[in-house]
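S.K.: Here's a structure for you.
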Amino acid sequence: MASLRQFEAFVMIAELGSFTHAATQMHISQPGLSLMVREFEAHFRQRLFDRSSRAVRLTEAGQALLPSARRILEEFQAATTRLRNADTQAARRLSVASTPLFSSALMPAVYQRFQRAHPQVELKLTVMSRDEVGEAVRRGDHDCGVGIFGPNAPGLQRDPLFTLGFILLTHGETPHVVDGAAPRWVAWDAIPKVAYVELPWDSGMQQVINRRKAQAGIQAAAPAQVMNHLETIIGMTAAGAGPSILPSFALAACGGFNVRVRRIRDAQPSGLAFHAVTARARDKHVLLPSFMEALRSLIAEQPWATWWDREHAAARGPRPGAGRSQR
Numbered sequence: 031m032a033s034l035r036q037f038e039a040f041v042m043i044a045e046l047g048s049f050t051h052a053a054t055q056m057h058i059s060q061p062g063l064s065l066m067v068r069e070f071e072a073h074f075r076q077r078l079f080d081r082s083s084r085a086v087r088l089t090e091a092g093q094a095l096l097p098s099a100r101r102i103l104e105e106f107q108a109a110t111t112r113l114r115n116a117d118t119q120a121a122r123r124l125s126v127a128s129t130p131l132f133s134s135a136l137m138p139a140v141y142q143r144f145q146r147a148h149p150q151v152e153l154k155l156t157v158m159s160r161d162e163v164g165e166a167v168r169r170g171d172h173d174c175g176v177g178i179f180g181p182n183a184p185g186l187q188r189d190p191l192f193t194l195g196f197i198l199l200t201h202g203e204t205p206h207v208v209d210g211a212a213p214r215w216v217a218w219d220a221i222p223k224v225a226y227v228e229l230p231w232d233s234g235m236q237q238v239i240n241r242r243k244a245q246a247g248i249q250a251a252a253p254a255q256v257m258n259h260l261e262t263i264i265g266m267t268a269a270g271a272g273p274s275i276l277p278s279f280a281l282a283a284c285g286g287f288n289v290r291v292r293r294i295r296d297a298q299p300s301g302l303a304f305h306a307v308t309a310r311a312r313d314k315h316v317l318l319p320s321f322m323e324a325l326r327s328l329i330a331e332q333p334w335a336t337w338w339d340r341e342h343a344a345a346r347g348p349r350p351g352a353g354r355s356q357r
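Quick note on our numbering: the sequence shown kicks off at 31 and runs consecutively.
See below:
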């Protein structure tokens with residue numbers, strides 16, 4: 031089968047009227063170009079050039095082929111330009127889907143940080159349920175999804191982002207002040223045995239919370255209220271509708287609400303794993319690592335991101351030899 035390079039050589043020789051000049055333009059040796067033309071002519075079973083010591087001219091067959099050869103090269107170049115432009119445009123758009131609680135607490139700050147680093151990129155953020163996030167990423171509607179995803183996620187690749195813990199909110203007499211100080215601890219089996227203000231039952235976050243309650247021997251009870259949004263849950267707890275359990279990043283939204291905040295001591299250093307999911311059948315977006323770095327760096331700067339790690343490090347005690355002078 032004739033190659034695109036052979037078509038290019040044929041057109042170049044026809045336009046320049048010289049094998050020597052064509053070889054120079056194509057950055058190949060003249061013997062190499064001559065071999066390429068012989069193979070090209072063998073493909074068509076026609077002699078395409080009349081060669082003499084003075085000039086190179088097209089044969090009748092070569093003249094008939096030239097318009098088609100030019101059109102093939104032009105169409106290839108046009109297709110290349112279209113695809114490269116499309117790829118450039120796609121690289122300048124990043125679409126991320128995430129669950130409501132995570133979106134309301136963290137995505138505005140992540141958006142701001144990412145746009146500062148990549149002002150030329152359009153970052154589109156969409157809020158939907160966990161199941162909708164997974165399905166939308168599988169279909170290719172979004173480049174990435176962020177949330178709590180179990181290991182059984184068909185067609186999706188999970189990349190760990192961070193792990194956090196939970197906080198218990200109860201009604202307080204005065205507005206809570208977010209000052210960076212770590213709240214007191216409470217064990218899961220010591221949390222109030224009452225009806226809670228909760229997320230919807232099909233929320234991945236609420237399912238994790240319900241499992242933690244069950245592991246602590248707390249019987250499931252009908253929720254006092256069911257709310258979709260972070261601030262609404264906090265506000266309902268502040269209004270006395272019942273306590274609530276939220277991920278630690280919700281602390282940032284507690285300021286000004288009449289709530290008391292306590293950390294829940296988990297069996298593990300951190301109990302809540304967040305992942306970024308991408309479709310296994312598609313290449314990852316070139317800007318996805320930058321987005322994930324913006325997200326991870328934002329989390330790492332928050333005081334509530336290290337409460338659990340510090341607590342468990344303290345529980346393990348100092349490392350052997352720590353504090354002794356080194357020789």
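For each residue, glycine too, the CB sits at the ideal point set by N, CA and C.
1) Quick one: what does DSSP say H148 is sitting in, helix, strand or coil?
2) With a threshold of 16 other CB atoms inside 10 Å of the CB of G164, please say whether the residue is buried or exposed.
3) Quick one: complete alpha helix (DSSP H) runs, 4+ long, within the region 169–201?
4) Rounded to whole angstroms, how far is the Cβ of R292 from the Cβ of W215, which I believe are closer than 8 Å?
5) Quick check: the Cα distance between R241 and R295, rounded to an integer number of angstroms?
6) Please give me, in chain order, every unbroken run of the alpha helix (DSSP H) with length at least 4 that falls completely inside the region 67–138.
7) With DSSP run on the structure shown, which of helix, strand or coil describes A246?
8) What residue does the beta strand (DSSP E) around V289 start on, and which one ends it?
9) Tell me where the alpha helix (DSSP H) around L318 begins and ends.
10) Is it buried or exposed for R169, if we count other Cβ within 10 angstroms and need 16 for buried?
11) Under DSSP, the alpha helix (DSSP H) around F49 begins and ends at which residues?
12) Considering only the beta carbon of each residue, do H206 and T267 sit closer than 8 Å?
13) Please state whether DSSP places V216 in a helix, a strand or coil.
14) Using a Cβ distance threshold of 8 Å, determine whether the region 32–46 contacts the region 56–76, with at least three qualifying pairs required.
15) Under the assumption that H305 contacts P130 (Cβ atoms under 8 Å), give the Cβ distance between them as a whole number of angstroms.
16) Is it buried or exposed for K223, if we count other Cβ within 10 angstroms and need 16 for buried?
17) Could you tell me if G347 is buried or exposed, where buried requires 16 or more neighbouring beta carbons within 10 angstroms of its beta carbon?
18) Taking the alpha-carbon positions, what's the F144 to H315 distance?
19) State the Cα-Cα distance for the pair P138 and S59, rounded to the nearest angstrom.
20) Whole angstroms is fine: what's the gap from M364's alpha carbon to P97's?
21) Rounded to the nearest angstrom, what separates L88 and Q107 at their Cα positions?
22) Please name the residue or residues paired with Q255 in a DSSP beta bridge.
23) Closer than 6 Å by C-beta to I329: which residues in its own chain qualify, once you throw out the five before and the five after it? Chain order, please.
24) Which of the three DSSP states is assigned to A271 in this structure?
25) With 16 as the cutoff for other CB atoms within 10 Å, does H73 come out buried or exposed?
26) For S33, which residues from the same chain have a beta carbon less than 8 Å from its beta carbon, with the 5 sequence-adjacent residues on both sides left out?
27) DSSP three-state label for G351, please.
28) Helix, strand or coil for A282 per DSSP?
29) Based on the DSSP output, what are the partners of A306 in its beta bridges?
30) If we ignore side chains and look at the alpha-carbon of each, how far apart do G177 and A109 end up?
31) Could you please give me the residues that DSSP links to K154 through a beta bridge?
32) Could you check whether Q249 and A271 sit closer than 8 Å to each other, using their CB atoms as the reference points?
M.R.: Taking the definition as stated:
1) Three-state result, H148: coil.
2) Counting the other CB atoms within 10 Å of its CB gives G164 a total of 16 or more, which places it among the buried residues.
3) DSSP runs (the alpha helix (DSSP H)) wholly in the region 169–201: none.
4) Distance from R292 to W215 at the Cβ level is roughly 7 Å; contact confirmed, criterion being Cβ atoms closer than 8 Å.
5) Whole-angstrom Cα-Cα distance: 15 Å.
6) Here the runs fully enclosed are 90–121.
7) It is coil, neither helix nor strand.
8) For V289, the enclosing beta strand (DSSP E) stretches over residues V289 to R295.
9) Segment L318 to A330, the alpha helix (DSSP H) holding L318.
10) Exposed, by the Cβ-count rule.
11) From DSSP, the alpha helix (DSSP H) with F49 extends over F49 to M56.
12) Not in contact: H206 and T267 (Cβ atoms no closer than 8 Å).
13) Of the three classes helix, strand and coil, the one that applies to V216 here is strand, per DSSP.
14) Yes, the region 32–46 is in contact with the region 56–76.
15) Between H305 and P130 a beta carbon distance of about 17 Å is seen, past the 8 Å cut, so the two are scored as non-contacting.
16) By the beta-carbon neighbour count (other beta carbons within 10 angstroms, threshold 16), K223 is exposed.
17) In this prediction, G347 scores a pLDDT of 49, lower than 50, which makes its location untrustworthy; the coordinate-derived value is nonetheless stated afterwards. Taking every protein chain shown into account, the CB of G347 has fewer than 16 other CB atoms within 10 angstroms, so this residue is exposed.
18) If you take the alpha carbons of F144 and H315, they lie about 15 Å apart.
19) Cα to Cα, the separation comes out at about 59 Å.
20) The first residue shown for the chain is 31 and the last is 357, placing residue 364 beyond what the model contains.
21) Cα to Cα, L88 sits roughly 24 Å from Q107.
22) DSSP output for Q255 lists V227 as bridge partner(s).
23) Excluding sequence positions up to five before and after I329, its CB lies within less than 6 Å of the CB of F192 and A335, all in the same chain and listed in chain order.
24) A271: coil per DSSP, three-state reduction.
25) The residue is exposed, with fewer than 16 neighbouring Cβ atoms inside 10 Å.
26) In its own chain, leaving out the 5 sequence neighbours on each side, no residue places its CB closer than 8 Å to the CB of S33.
27) Because G351 sits at a pLDDT of 45, beneath the cut-off of 50, its placement in the model cannot be relied upon, and the following sentence gives the value as read from the coordinates. In the three-state reduction of the DSSP assignment, G351 falls in the coil class, being assigned neither a helical nor a strand state.
28) Here A282 carries a helix assignment [DSSP, helix/strand/coil].
29) According to DSSP, A306 bridges with V176 and D189.
30) Rounded to the nearest whole angstrom, the C-alpha separation of G177 and A109 is 38 Å.
31) In the DSSP assignment, K154 is bridged to S125.
32) When the beta-carbon positions are compared, A271 and Q249 stay at least 8 Å from each other.
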